[in-house]
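K.L.:
Okay, here's the structure, questions in a sec.
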Amino acid sequence: MDNKDRNILAILQRQGRIAISELAAKLNMSDTPCLRRVRKLEQSGVISGYAAQIDPKEVGLNVVVYAFVRLKENSDQHAILFEESMENLEQVMECSVVTGAHDYLLKIVASDLLSYESFVKKSLGSLNCIAGIESTVVLKQNFSRNTLPLQPV
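Residue numbers 1 to 153, in the UniProt record's numbering, belong to the letters of the sequence shown in order.
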């Protein structure tokens, strides 16, 4: 990956719907080589997709919770069960394996605290592989970045 590719990525992650002609113009390239580079980045998996960024509050998701989860045992069987279950829960936005006193960190969205409580009891609480859940409610999100810091090397 060269600096042109990094510049393409920097622009696309801020303007995913930009026309190839406009992208090429910003990079002082012609359309065909620019399109070829974008396709190569897509095919290699560097660009994994395009999506609209939606404000959660505008669609009624007013609560963000980070939940630390501890499994009953540190086994492949429990980890697979837990991870597959999390993939099927739309409220779980992120699921990360972490070090320390907990096994996983989840980012969960909900409409309000009552719906989060219901989610914990009905969805997370129904998994026998979970030993404990510690929740931290976000009071205010100062900012959230959806772009990676891509500087030319």
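Heads up, the beta-carbon is just placed ideally off N, CA and C, and yes, glycines get one too. It should be emphasised that the depicted structure is a prediction, and the values quoted were computed from it without experimental measurement.
1) If you measure between the beta carbons of residue 104 and residue 86, is that distance less than 9 angstroms?
2) Could you pull out every unbroken alpha helix (DSSP H) segment of at least 4 residues lying fully inside the UniProt domain "HTH asnC-type" (1-62), listed in chain order?
3) Kindly list the residues whose CB is nearer than 7 angstroms to the CB of residue 147, restricted to its own chain and excluding five residues on each side of it in sequence; keep chain order.
4) Helix, strand or coil: how does DSSP classify residue 113 here?
5) If you draw a straight line from the C-alpha of residue 123 to the C-alpha of residue 116, how long is it?
6) What three-state label does DSSP hand residue 98 in the structure shown?
7) How would you write the range of the alpha helix (DSSP H) that residue 85 sits in, first residue to last?
8) Name the DSSP beta bridge partners of residue 67, please?
9) With a threshold of 8 angstroms, are at least 3 pairs of Cβ atoms found where one atom belongs to the region 61-72 and the other to the region 123-132?
10) For residue 92, which beta-bridge partners are listed by DSSP?
11) With distances taken Cα to Cα, identify the nearest neighbour of residue 141 among 63, 84, 80 and 110.
12) Which value, in whole angstroms, describes the spacing of the CA atoms of residue 17 and residue 42?
13) With distances taken between CB atoms, is the gap from residue 35 to residue 110 smaller than 9 angstroms?
14) Can you say whether residue 91 is buried or exposed, counting buried as having 16 or more other CB atoms within 10 angstroms of its CB?
P.N.:
According to the data block:
1) yes
2) 3-12, 20-26 and 31-43
3) 13 and 14
4) helix
5) 10 angstroms
6) coil
7) 76-87
8) 106 and 135
9) yes
10) 108
11) 63
12) 14 angstroms
13) no
14) buried
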